[in-house]
Amino acid sequence: MTALKSDNITQCINRLVTAPFVLLVLVTTAGLNKLSANENDSSFNFFTATFENDLFVGEDNGYTNGFGLTFATGPFDEFTQDNTPSWLHRVIEPIYINTLPDKQRGIAHMFFQRMQTPDDIEQRELINDDLPYAGLLAWQGIFYAWDDHVADQLSLYLGVVGPASYAEKTQNIVHDVLGSDNPKGWDNQIGNEAVFKVEADRVWNIYRTDGALQYDVIGFSGAAIGTMDSHIKSGIAIRLGKNLDTSFPTFSLQTDRQVNPLAMTDAADFYLFAGVQLKYVFNDIMINGNTFKNSHSVPIKNTLNQFSFGGVWSINSIAIVFQFSTLSSRTTILDAREKFGALSITYQY
393 MTALKSDNIT QCINRLVTAP FVLLVLVTTA GLNKLSANEN DSSFNFFTAT FENDLFVGED
453 NGYTNGFGLT FATGPFDEFT QDNTPSWLHR VIEPIYINTL PDKQRGIAHM FFQRMQTPDD
513 IEQRELINDD LPYAGLLAWQ GIFYAWDDHV ADQLSLYLGV VGPASYAEKT QNIVHDVLGS
573 DNPKGWDNQI GNEAVFKVEA DRVWNIYRTD GALQYDVIGF SGAAIGTMDS HIKSGIAIRL
633 GKNLDTSFPT FSLQTDRQVN PLAMTDAADF YLFAGVQLKY VFNDIMINGN TFKNSHSVPI
693 KNTLNQFSFG GVWSINSIAI VFQFSTLSSR TTILDAREKF GALSITYQY
């Protein structure tokens with residue numbers, strides 16, 4: 393009886409924590425419906441589905457799984473209440489991303505879930521010297537402003553960690569489909585908590601050749617602050633392909649942004665890429681554990697590096713990207729690098 397009562401309380405808490413996120417989804421979706429109805433004919437709408445998993449590289453630990461659904465529109469000259477949900481328009485109206493002159497603009501909304509597990513997923517007891525069980529369910533609003541040489545990206549994240557992220561349920565479904573063993577230690581995951589992050593990125597077109605087959609060099613840097621995580625980062629990437637000038641504004645080694653929703657063309661275009669990113673992390677809730685209460689945590693490693701390579705192919709209204717990434721350990725108690733692959737498919741409608 394006591395266990396049943398405890399389960400009911402836990403379910404109520406999960407629903408209370410998740411309710412604001414669901415409300416955010418509904419409000420944003422309403423804004424997207426308005427956007428589709430009112431946007432001018434020169435802009436396009438896009439939908440992207442992203443799947444990340446370390447099973448792509450034959451592993452099942454650390455950053456283990458992620459899903460993302462992105463809705464985007466652009467390009468247009470300025471953010472207005474016709475192309476931006478009204479509550480977001482009030483937030484960004486006085487900010488640089490909206491006031492920079494002579495820029496094209498775009499906006500994307502991403503709803504995503506991510507999760508991590510320790511190396512030993514068979515053990516039910518708490519593993520003190522490995523990554524915490526952790527799940528994240530969040531929304532990300534990305535605002536773009538760019539010209540031929542420089543692109544700015546400003547993002548707002550709102551979400552929840554803990555059982556309310558439903559990471560355990562999602563991972564069990566994925567493992568059942570793939571025929572893998574279900575992790576047994578989710579009872580030790582970090583607790584429910586609402587999280588946020590504000591992130592600003594800038595991308596530079598450093599060098600590009602002309603011709604039907606081009607290569608270019610892209611530099612990028614950024615900073616973020618929030619309870620989700622806070623960091624500064626910088627990196628460089630090389631690309632080889634066609635029509636590279638149309639696809640640099642949204643370039644990122646963050647896999648969910650890799651298929652460029654603002655750069656579809658009627659021809660068959662592609663590019664291959666490889667890049668490196670250096671990051672200094674001040675806090676990360678997936679490593680540090682809960683912000684306002686005790687939970688499983690491990691010592692954070694502040695300096696990180698990431699290497700990624702992959703390819704993008706698009707034709708007409710479809711674009712596909714596949715990317716492999718390797719990331720240095722996010723904690724000082726582990727040496728092994730994290731590895732994962734990501735597949736994204738974008739559809740223009």
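One rule links them: number in our numbering = place in the sequence shown (from 1) + 392.
Think of the CB as a built atom: it goes at the ideal place given N, C-alpha and C, for glycine as much as any other residue.
If you draw a straight line from the Cα of residue 740 to the Cα of residue 612, it is about 26 Å long.
DSSP lists no bridge partner for residue 488. In its chain, beyond the 5 residues on either side, 576, 577 have a beta carbon closer than 8 Å to the beta carbon of residue 515. For residue 564, same chain residues with a beta-carbon under 7 Å away, outside a window of 5 residues either side, are 574 in chain order.
Contact between residue 500 and residue 464 holds: their C-beta atoms lie close to 4 Å from each other, under 8 Å. With contacts defined as CB atoms closer than 8 Å, residue 624 and residue 610 fail to qualify as a contacting pair.
With the rule of 3 Cβ pairs closer than 8 Å, the stretch 707-719 does not count as touching the stretch 522-539. Residue 734 is classed as buried because its beta carbon has at least 16 other beta carbons within 10 Å across all chains shown. Three or more beta-carbon pairs separated by less than 8 Å are not found between the stretch 510-524 and the stretch 537-551, which leaves the two stretches without contact. Counting only residues of its own chain and dropping the five nearest sequence neighbours on each side, residue 494 has a CB closer than 7 Å to the CB of 539. Put simply, the backbone Cα of residue 720 is about 16 Å away from that of residue 675.
The stretch 541-550 and the stretch 482-491 touch, with three or more beta-carbon pairs separated by less than 8 Å. Around the C-beta of residue 582, 16 or more other C-beta atoms lie within 10 Å, and the residue is accordingly described as buried.
Residue 530 and residue 551 do touch by the CB rule: their CB atoms are close to 3 Å apart, below 8 Å. One thing to note: residue 669 has its Cβ within 8 Å of the Cβ of residue 697. Residue state for residue 541 is assigned as coil, using DSSP reduced to three classes. For residue 567, the uninterrupted alpha helix (DSSP H) segment begins and ends at 559-570.
Ranked by Cα distance from residue 508, the options 490, 521, 528 are led by 528. Residue 690 sits away from residue 467, with the two beta carbons spaced by 8 Å or more. Under the three-state reduction of DSSP output, residue 604 falls in the coil class, being neither helix nor strand.
Distance from the CA of residue 474 to the CA of residue 593, rounded to the nearest whole angstrom, comes to 25 Å.
CA-to-CA, the gap between residue 472 and residue 729 works out to about 44 Å. In the three-state reduction of the DSSP assignment, residue 638 falls in the helix class. Separation of residue 604 and residue 457 (C-alpha to C-alpha, rounded to the nearest whole angstrom) is 37 Å. Of the candidates 488, 513, 713, 634, 513 places its Cα closest to the Cα of residue 572.
Residue burial is scored here from C-beta neighbours: residue 673 has at least 16 other C-beta atoms within 10 angstroms and is therefore classed as buried.
Here residue 629 is buried. Its C-beta has 16 or more other C-beta atoms within 10 Å. With fewer than 16 other Cβ atoms from the protein chains shown falling within 10 Å of its own Cβ, residue 684 counts as exposed. The residue among 558, 661, 607, 665 with its C-alpha nearest the C-alpha of residue 459 is 558. By the 16-neighbour rule on beta-carbons within 10 angstroms, residue 570 is exposed. Burial state of residue 561 is exposed, judged by a 10 Å Cβ sphere holding fewer than 16 other Cβ atoms. Secondary structure of residue 547 (DSSP, three-state): strand. Annotation: the continuous alpha helix (DSSP H) that includes residue 679 extends over 677-680. Under DSSP, residue 585 forms a beta bridge with 553.
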